[in-house]
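Residue 3 in full-length UniProt numbering sits at position 3 of the sequence shown, with consecutive numbering throughout. Here a beta-carbon is modelled for each residue, glycine too, at the ideal position from N, C-alpha and C. Some notes on the structure that comes next.
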Amino acid sequence: MKIPTRRLLLLLMILLFFMLSEETSANGFNKSLEAKALVATNWWPQHVNVSDAYCNWDGIYCNEAGSVTGIFFYNHNLEGYLGSLNLSSFPNLVSLDLINCGLEGSIPEQIGLLSNLTFLSLNGNRLRGNLPVSLTNLTLLEVLDLSYNNFSGELPVALANLITLKYLFLDDNNFSGELPVSLTNLTHLRYLCLDKNQLTGPIPPFGSMVNLTVLDLSTNQLNASIPNQIGNLQSLDTLNLGDNNFDGPIPLSFGNLSHLRFLNLDMNFISGPIPIDIADLMNLQHVDLNNNSLVGTVHPKFGNLSYLDVSSNRLSGNVSFQYPCNLVQLDLSMNLFTGDIASLSSNCFGLKYLDISMNKLTGPIPHSVGSMVSLTLLDLSANQLNGSIPKELTNLQKLQTLNLSVNNFEGQLPSNFCNLSQLKILNLGMNSISGLIPLDIASLENIEHVDLSHNNLMGLVHPEFGKLTYLDFSSNKLSGNVQFQCNACYLRYLNLSMNLMTGAITSLLDCNYLRSLDITNNSFVGEELNRTEFTELVILNQYPNNLTAIVPSRSSVQDRESGLSCNALSGQSPGKEHMTTHKRVHHLTIFLPIILGLCFLILVYVCYKNHNATENKIQPQTIKHGNVCSILNYDGTIAYEDFITATEDFDLRYCIGTGGYGSVYEAKLPNGKTFALKKLHRFEAEQPAFDQSFKNEVQGSLFCALSNSELAVQVDWIKRVNIIKDVAHALAYMHHDCSPPIVHRDISTNNILLNSELEGFVADFGAARLLDPDSSNQTVIVGTLGYIAPELAYNMIVTEKCDVYSFGVVALETIGGKHPGDLLSSLNYSTSRGITLENILDKRLPYPTDSSIEKEIMRVYNVAVACILTDPKCRPTMRNVSRELSC
């Protein structure tokens, strides 16, 4: 959490300290020593003469006697080491403030000599190491800010010596261990911010720290239940315990926090109901309880808040808030709410953000929704809403995102979409909407993303839709040809599959930015598309259609019809029909001998293989080599020896690639098979516990197990469910218990390894990356086709939800025995239409007769379907997945 007023607070305090420092007496200072210490740092390159009046230098403050009392730099590129400043030369230093100065190294032990120091801020540098013990000698210190550095180790117990401390900021570091109970002695403390570290254990009894106004322990690994004593901190304005491992209920004593404005308990394991007393807190404005295990209802009094997020819980009941409703942002998604939204649309006119997706809401969208004119986001997806989409929705002129997908809406789309001038994302997929696609949608100035897939829409695809970046019209009844405006196609993701479209597709060559293209199951004619014609294309699906041959290179088309492109001319160019006929005859003359020759070579090869097979039966091999793609008959010792021999003990001559976690070698085994073998680097230096996590010898991959019919039968339903659970637990750890989170980016059955007990392990972290919360996390597309999240085809931003999608595919493949393939695009739609589990499961295993096993498999299936939702935001977190599968 970022404290909004923190920087202003610190600046005001700095000014106060500098004003007071002018009245500080000179305690035996040596002016020459102070000058030499300042010059030696090279922080003032324009001043190299110690005789200069250093009290006039930038960032230097002195008292009346001329002794340095304050050193202040903000956003100066000082670089170098903090230790280059001889702190022992400044006996009267009251304030040392070096914010965002690029300093490195550790805090020198000399810091303890600054006995008059009351303000110390080294925020936003690259300092590291443990905190020096001498730091606790600064008994006059009131402000200590060491946030946004790389400090590590445990928090010193002796911090309790800083009895005058009022503000303690140690956030955004790598501190570990438990919180010292001695911190409770800092009874003057007002701000305690230890967020974004690696702290563990329970919260000490902070009940005596009655002056605390801000307590932020978020994004650590703290556990146990939240102590009731926190309810004694009646001065608290901000309480943030989010992104930890807390369990148990929300303490009822929170109802005593009468000054509380901000409460965040998100991403924990908190259970039970939400105490109604919290809703009665008069000053409370912001409550975030998302990603927990809360049950019960949301009291109507919570409408007094301005921000409420209870998404990803197990809350139920009707959605209703009392009038007047002050909510500006409301997120109730991924719960079990029922009923309609009539009272919400009638009372909460000030809402800007409303997300009630993935619940069990029923009924139509009320016409009163048109009065919620402040809305910028409306997400009612994945419910059971029905009726037609009301025309009043087009009154929401500030709307930027509208998602009504995965419901039972029918009828035609309303007109006047042109009123939604700010709309960027429109998702109405997986409904039963009919009629034509309004041209107004394509004319919207800011529109970027349109998904109308899995409906009953008819008519043509207007060329102006080419200006979007994402367009999904799949599984409709659209007809006509595809013709985007020349030099005006900016599409990155285009899916027109499962329609009735006809005509040629050469106009798609103008879509230079395409990364994913699917036009399967139509009646397109003419020449097929060549992947090489697109500079960024990753996914190309164009069969079945009526396409033939390969489209000529762009240069040849331009040479043949130069001067005719991008104009209003119609009909074929002169002589084109003759050229086409001649070309076919010419191609036949060239390719017929080649085809006959290939057939002859194949015949010779088959005869040769049959001859060898006969010899092998007569003369059996004297040496049996284990099948490296088998779990049942794998011999690790023999295979290891074979690999050592084949690579000559991993000689560099056989190395075909190197990554951050290992090198890949080409190994040709005695049985004639060639393998790419990854040899992992050793991890003991950085992670001594890494090797200990591999409890058993790895025997093969999940892909191998599912591909082998004999072995697949041995991996029964219970084993398959447990493998899926193992993978879910591993990903949940990577996403939620590692700091920063780790995204694997290549989850597939090939990268799930099984040991002899058929336990699953996530492997091959060569494509993994750490998520940087302060960057866009843009990436090139990596991973295995068929498992890559669809959003990477158009926005290239990697998040944990990319792994969630891949996990969903792996889970479906595990229970289905094969990659779900085309089923992925229609599974969500099918779930709302009552698909049976029997159609999904692997036919090589008998259908489960035990009801408990069937229930487990059904839970896996439902979770997997939620994981492959097109909208990343609608997918569950891996923590929720792991929790759901463990129920």
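Which first and last residues belong to the alpha helix (DSSP H) in which Y861 is found?
S851 to C867
Mind reading off the beta-carbon distance from V68 to L93? Whole number of angstroms is fine, and I expect it under 8 Å.
6 Å
Tell me whether P544 is buried or exposed, calling it buried when 16 or more other Cβ atoms sit within 10 Å of its Cβ.
Around the beta-carbon of P544, fewer than 16 other beta-carbon atoms lie within 10 Å, marking it exposed.
Backbone CA spacing between L509 and C486 [nearest angstrom]
9 Å
Alpha-carbon spacing of L38 relative to T164, whole angstroms:
29 Å
If you count every other CB in all the chains shown that lies within 10 Å of the CB of M282, and 16 or more means buried, which is it?
exposed
What does the alpha-carbon distance come out to for the pair L753 and A811?
Cα to Cα, the separation comes out at about 14 Å.
I340 versus L332 - alpha carbon distance
Note that residue 340 is Asp in the sequence shown, not Ile. For D340 and L332, the distance between alpha carbons rounds to 13 Å.
Report the residue ranges of all beta strand (DSSP E) runs contained in full by the region 32-120; include only those spanning at least 3 residues, in chain order.
Counting only unbroken stretches of 3 or more residues, the beta strand (DSSP E) elements lying wholly within the region 32-120 are 60-62, 68-74 and 95-99, in sequence order.
Boundaries (first-last residue) of the beta strand (DSSP E) holding V525
S523 to E528
Where the beta strand (DSSP E) through E410 begins and ends
Annotation: the continuous beta strand (DSSP E) that includes E410 extends over N408 to Q412.
Just the Cα atoms here: how many angstroms apart are E404 and G429?
Checking the sequence shown, residue 404 turns out to be Leu, not Glu. In a straight line, the C-alpha of L404 is about 7 Å away from that of G429.
Would V287 pass as a contact of L263 if the rule is Cβ separation under 8 Å?
It is a contact, given that the beta carbons lie within the stated cut-off.
Taking Cβ to Cβ, would you say residue 902 is nearer than 8 Å to K725?
Coverage of the chain is limited to positions 1 through 887, which leaves residue 902 absent and any answer about it impossible.
Which of the three DSSP states is assigned to G231 in this structure?
helix
Among the residues of its own chain, which have a CB less than 6 Å from the CB of H299, if the five just before and after it don't count?
I276 and A279
Less than 8 Å separating the beta-carbons of F807 and A705?
no
Please classify C566 as buried or exposed, where buried requires at least 16 neighbouring CB atoms within 10 angstroms.
Confidence at C566 is low in this model, with a pLDDT of 38, below 50, so its placement is unreliable and the value that follows should be read with caution. Flag for C566 reads exposed.
Helix, strand or coil, according to DSSP, for Q198 in the structure here?
strand
With H, G and I counted as helix, E and B as strand and the rest as coil, what does DSSP make of A504?
In the structure shown, the three-state DSSP call for A504 is coil.
Less than 8 Å between C-beta atoms, sequence neighbours within five positions excluded: which residues of the same chain meet that for A793?
Residues of the same chain with a CB within less than 8 Å of the CB of A793, apart from the 5 flanking positions on each side, are R492, Y493, R515, S516, V538, I539 and I781 in chain order.
Look at Q229 and N244 and say whether their C-beta atoms are less than 8 Å apart.
Against a cut-off of 8 Å, the Cβ pair of N244 and Q229 comes out as no contact.
Which same chain residues, not among the five before or five after L96, have their C-beta less than 6 Å away from its C-beta?
Once the five neighbours on either side are set aside, the close Cβ partners of L96 are I71 and L120.
On a Cα-Cα basis, can you pick out the residue from D651, Q322, N292 and Y323 that is closest to D309?
N292
Take the Cβ of R844 as the centre, count every other Cβ of all protein chains shown within 10 Å, and call the residue buried at 16 or more, exposed below.
exposed
Euclidean distance between Cα positions of Y787 and T799
15 Å
Using DSSP bridges, identify the partner residues of V143.
F119 and Y167
Since C193 sits in a beta bridge, which residues does DSSP pair it with?
Beta-bridge pairing links C193 to F169 and D216.
Would you kindly check if the distance between the Cβ of N335 and the Cβ of N318 is under 8 Å?
no
Residues near S152 in its chain [Cβ-Cβ closer than 6 Å; skip 5 each side]
N174
By alpha-carbon positions, which one of G112, L113, P91 and N77 ends up nearest to I99?
N77
Whole angstroms are fine: how far does the CA of I519 sit from the CA of M458?
16 Å
Is it right to say Y61 is buried, meaning 16 or more other beta carbons lie within 10 angstroms of its own, or is it exposed?
That one is buried.
Quick one: residues in its chain with C-beta nearer than 6 Å to the C-beta of L82, no 5 flanking neighbours on either side, listed in chain order?
L103 and G105
Apply the 10 Å Cβ neighbour rule to G272 and answer buried if 16 or more other Cβ atoms are within range, or exposed otherwise.
exposed
Can the beta-carbon of L315 be found less than 8 Å from the beta-carbon of T297?
yes
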